[in-house]
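Following: one structure in structure tokens, then a few remarks.
In the UniProt record's numbering, the protein residues as written are 1 to 507.
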């Protein structure tokens with residue numbers, strides 16, 4: 001578990017750190033862009049107000065000289081030549097004294113109530129044509145000079161080509177943006193972004209970019225994000241390699257089980273006389289991604305010592321059900337499927353429940369499911385164990401004693417437990433040869449099995465002499481390299497397709 005969690009944690013931490021740094025950099029960059037946009041808008045507004053300042057100088061000369069037709073024409077020409085100005089008005093005694101519009105017409109309503117401030121945003125309701133304007137006002141002598149600037153020019157000045165940032169002109173408590181009328185804001189309202197003009201009495205306000213923005217990360221930092229992800233993955237991979245190199249055998253095996261690298265192999269069981277397929281014993285193999293298939297002798301002791309033998313066997317049971325169901329229609333009637341169970345697994349609280357679920361998962365209900373009790377570790381026989389195996393026996397399971405005579409059992413298991421089969425270990429079968437004395441121990445084992453009415457499976461049959469001896473002693477079920485080596489599921493399918501189905505008769 002450590003070899004998985006640590007690399008994943010490292011990858012996650014590196015990715016989060018990298019994304020955080022990238023986000024901060026993009027945030028500062030966006031803030032700088034927003035500020036630059038505000039200064040750009042400020043410069044535009046200043047240029048417009050500079051025109052108003054120049055027009056005001058012309059209006060001051062007219063205040064001194066007087067307003068005749070020539071002076072009105074001069075005001076009109078001044079307003080027309082300045083691209084952003086709309087009208088120029090000279091107010092005396094609360095009334096229009098001179099105007100750039102013909103006939104001294106006015107653009108504003110209620111001239112007397114215009115505040116005497118340098119700049120003013122007039123909403124649409126205060127104009128004759130119903131459009132908001134910006135007023136640039138100058139007091140001169142006893143007169144007021146008003147220069148009006150169209151909202152279109154103001155909006156054009158605020159139209160900064162920067163996505164997701166909206167700029168507005170703030171004069172006093174009144175503001176105008178790219179759309180809509182003049183609005184009034186509370187003087188205490190906090191503004192996220194604001195720059196004050198050093199030249200005129202106004203401000204540019206705008207929305208500051210948020211500290212975190214997924215859209216900003218994707219649009220502006222997608223390439224770097226991919227790089228960060230790649231670096232995180234490489235670091236995690238390197239750490240995993242290092243941990244695996246220094247991992248304990250238990251940790252390595254636990255990971256193999258989790259990754260589904262422990263797979264079932266099938267040792268065919270045949271009828272010694274007809275050589276027809278009668279069943280299989282499920283064996284564990286480690287399908288290592290680099291070393292290939294690893295023998296169980298290299299990892300089963302580790303599994304038993306560490307307690308991993310239970311999840312290992314559970315994984316095999318699941319895989320066996322899946323594979324047997326695929327070829328259910330090809331299996332001979334009464335086909336034997338045997339799996340080895342350790343003493344620690346058999347005595348676990350959920351063993352019976354697991355076995356019943358295992359049985360119910362098969363598509364065929366005529367299979368002989370064999371529980372092979374291994375003798376590699378001692379099995380403490382008590383009434384709970386006896387009852388547990390009896391329940392399984394009553395539910396159709398066959399109980400077999402694996403590797404009989406080589407482990408901890410002795411004869412006590414045969415006396416205390418309901419055993420259907422004993423499996424004679426290959427160490428006994430392998431001694432059979434032309435020498436008559438070579439079979440003495442095996443003869444005793446076979447004689448004991450007959451007296452106890454036990455069926456026998458002989459393992460490790462490798463020669464014709466061994467086969468003949470076992471057939472002479474009417475040992476029905478045989479397995480060994482003389483017939484088949486343990487095969488993968490694919491190999492088992494080939495065997496089934498190449499051999500006629502045989503009806504199995506339980507001896």
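Using N, Cα and C, we set each Cβ at its ideal position, and we do this for glycine too.
Give every residue of the same chain whose Cβ lies closer than 7 Å to the Cβ of residue i, excluding the five residues on either side of it in the sequence, and list them in chain order.
i: residue 256; result: 262, 286
i: residue 508; result: Because the chain in this structure spans residues 1 to 507, residue 508 falls outside the shown range and cannot be described.
i: residue 48; result: 84, 149, 153, 157
i: residue 493; result: 327
i: residue 224; result: 22
Which of the three DSSP states is assigned to residue i in this structure?
i: residue 340; result: strand
i: residue 124; result: helix
i: residue 511; result: Any property of residue 511 remains undetermined from this structure, which presents the chain solely from 1 to 507.
i: residue 331; result: coil
i: residue 439; result: helix
i: residue 213; result: coil
i: residue 152; result: helix
i: residue 299; result: coil
i: residue 112; result: Residue confidence is low: residue 112 scores 48 on pLDDT, short of 50, so the model does not pin down where it sits. Its coordinate-derived value is still stated next. Three-state DSSP puts residue 112 in a helix.
i: residue 208; result: coil
i: residue 21; result: helix
i: residue 144; result: strand
If you draw a straight line from the alpha carbon of residue i to that of residue j, how long is it in whole angstroms?
i: residue 368; j: residue 336; result: 5 Å
i: residue 320; j: residue 163; result: 60 Å
i: residue 13; j: residue 294; result: 35 Å
i: residue 267; j: residue 217; result: 57 Å
i: residue 304; j: residue 342; result: 8 Å
i: residue 344; j: residue 24; result: 56 Å
i: residue 169; j: residue 215; result: 27 Å
i: residue 191; j: residue 185; result: 10 Å
i: residue 360; j: residue 276; result: 27 Å
i: residue 77; j: residue 100; result: 8 Å
i: residue 194; j: residue 171; result: 12 Å
i: residue 317; j: residue 307; result: 17 Å
i: residue 374; j: residue 9; result: 40 Å
i: residue 503; j: residue 441; result: In this prediction, residue 503 scores a pLDDT of 40, lower than 50, which makes its location untrustworthy; the coordinate-derived value is nonetheless stated afterwards. If you take the alpha carbons of residue 503 and residue 441, they lie about 32 Å apart.
i: residue 383; j: residue 445; result: 27 Å
i: residue 19; j: residue 11; result: 12 Å
i: residue 30; j: residue 210; result: 9 Å
i: residue 160; j: residue 40; result: 7 Å
i: residue 226; j: residue 38; result: 32 Å
i: residue 127; j: residue 133; result: 8 Å
i: residue 60; j: residue 175; result: 29 Å
Counting C-beta neighbours from all protein chains within 10 Å, is the total for residue i 16 or more, i.e. buried, or is it exposed?
i: residue 363; result: exposed
i: residue 387; result: exposed
i: residue 79; result: buried
i: residue 469; result: buried
i: residue 279; result: buried
i: residue 51; result: buried
i: residue 200; result: buried
i: residue 144; result: buried
i: residue 350; result: exposed
Identify, in the order they occur along the chain, each residue of the same chain with its Cβ nearer than 6 Å to the Cβ of residue i, setting aside the five sequence neighbours on each side.
i: residue 454; result: 422
i: residue 93; result: none
i: residue 457; result: 421, 423, 477
i: residue 208; result: 192, 193
Only counting the same chain, and skipping five residues up and downstream in sequence, which positions put a Cβ closer than 8 Å to that of residue i?
i: residue 71; result: 62, 65, 98
- Which whole runs of the alpha helix (DSSP H) in the stretch 453-501 are 4 residues long or more, in chain order? 464-472, 489-498
- Item | Whole beta strand (DSSP E) elements within the stretch 224-296, 3-residue minimum | 262-271, 277-288, 292-294
- Only counting runs of 3 or more residues, tell me where the beta strand (DSSP E) segments fall wholly within the stretch 164-200, in order along the chain. 167-171, 174-176, 193-196
- Fully enclosed by the stretch 336-420, which alpha helix (DSSP H) runs are 4 residues long or longer? 343-346, 351-360, 383-394, 412-416
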